[in-house]
Structure formats: C-alpha cells, structure tokens
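Here is the structure we will look at.
Take a look at the structure:
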C-alpha cells in the first residue's frame, strides 16, 4: 500500500470504542510552517477505555500532532478536543481532563520528586490533605519511594521518566497523552513502564507514540499510523498486520514513498 493511502478503516473507530464516549478527537488538524506541512488534515477519534499507539517514522508528524492535541501548539487549521472540550476555546477545562508526558519532558534538576510534584500540585489547584493523598498515590503508582527526596538531576533516566509520569497523573486525569514514554530506557525500565501503562489503561484513555512495534502488541488495542504528516492507517494491531506477515513488514509497507515505487 502506498505511504499516503489510508486503510479503508482509517476514519472509523475500532470495535473496542464504538458507542463509547469520545475522549480524544482530532478533526482536520493541520500545522504549517511556511510551505512545509508538519501535519495535514489529520482526523481520528479515540474512545473511552482505548489504549492507542501513535505510529510513524521519524519526522512523520507524531509529536506535532500530540502538541496540537494538548494545546502546546495552535493548529493552522482544524480542531482538537479532549473529553469533549475544545483545546483552543476551552483550554482550562480540557487541561483538567488531560495528563501529558512529552518526550524528554522538562524537569527541574535541583528539585526532588516530592518538591516537584508538590509544585505542580499547587499549580493544578491541589492543596492540603487532597494534595498529600494524590502525592502518596502517584508515588506508589510510579514506584518513586526510593528516590522521593533525591535531586532529580542525579536520578537515572528511568526514574526521571517515572517522575514525569507521576506529574502527568497527579490530578487524576481521564486522558493520558504520552510521547515516546520508553525512549532511552534499558530493557528492565521499559518492562516496568509497559506494566504501568497496561495498569493505567484499565481506567484511563491513552494515546502513546512509540517506535517499538513490540509495545503495540504488548499494550495497545488500537493503532493510528501517520506518514509524511497524513493519516495512513487507523484500526486494530491485528488489522495492521493482516496480509503483511509482521508489524515490521506493515510498517515498511506504509512508509514507502510513492517516488520509490
């Protein structure tokens, strides 16, 4: 299949999400930098209870699309909604429903995980007993007990990623958007983050970008694939691999350029 030809199911929700509440919606999202289109007319919906993988080669527009969905960037065209709230016009309401872990997310290296989470908790309007309760819960979820008082700058990449995840979970959002959550981790750390995401997926709607196709099979019930800034596939992992042998083969098939054919 050529790179920019969507699956016949590209505009349809997966079976797992039909009839359920739409939690993440991209409608004609485009971002232009002069004549360059980082993403163009990207449209999909993710429903309550789905864990969706966001796939594509480097430079396909994944991070740009995620930044548009979270309100970090303003779109050139189209709309983004989180739990029904327009990210552009209902920014605060959408932010209350959303937890975002950017790739290599900024953390203050001189702060400890506890002080950082308390800082973000206050920024989210949490205080007193409610803040302490959530701090304890996310520390337990992300297994930060051993490093809770250490400077973040002295923590391993794996622990820093856990701190970033704890920040995204602190206000107990219904939706999580995770950009390359296992990038740069060793195999044991990857295994721990995968376990965490699977557990979170039982209660939350998750969109995560990854280059590791094994993670799709291990964690996700939905795949959204973009290439050259355009939607190329939307369906289940089994549908993605159908007729191609492996997900690796299908990835190659979807990213072939028209010029190479």
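Residue numbers (this note's numbering): -13 to 247. Quick reminder that beta carbons are idealized off the backbone N, C-alpha and C, glycines included.
Let's see if you can read the secondary structure: which residues bound the beta strand (DSSP E) around residue 19?
8 to 19 is the extent of the beta strand (DSSP E) around residue 19.
Residue 198 and residue 40 closer than 8 angstroms at C-beta
Judged by their CB atoms, residue 198 and residue 40 are not nearer to each other than the 8 angstroms cut-off.
Spell out the partners DSSP gives residue 33 in its beta bridges.
Beta-bridge partners assigned by DSSP to residue 33: 8.
With DSSP collapsed to three states, give me the class of residue 62.
In this structure, residue 62 counts as coil in the three-state DSSP scheme.
First and last residue of the uninterrupted beta strand (DSSP E) at residue 192
Looking at the DSSP string, the run of the beta strand (DSSP E) that includes residue 192 is 191 to 195.
With distances taken Cα to Cα, identify the nearest neighbour of residue 81 among 192, 157, 26 and 47.
When only C-alpha atoms are compared, the closest one is 157.
Give me, in chain order, the residues of the same chain whose beta-carbon lies closer than 6 angstroms to that of residue 23; leave out the 5 immediate sequence neighbours on both sides.
Excluding five sequence positions before and after residue 23, the CB atoms of its chain that fall closer than 6 angstroms to its own CB belong to 215, given in chain order.
Strand pairing of residue 163, partner residues [DSSP]:
Looking at the DSSP assignment, residue 163 forms a beta bridge with 86 and 193.
Count the C-beta pairs between the stretch 108 to 118 and the stretch 173 to 191 that are closer than 8 angstroms, then say yes if the count reaches three, no if not.
As far as the Cβ criterion goes, the stretch 108 to 118 does not touch the stretch 173 to 191, which means the pair count is below three.
Okay, do the stretch 133 to 143 and the stretch 88 to 101 touch, 3+ Cβ pairs below 8 angstroms being the bar?
In this structure the stretch 133 to 143 lies against the stretch 88 to 101, because at least three pairs of beta carbons, one per stretch, are closer than 8 angstroms.
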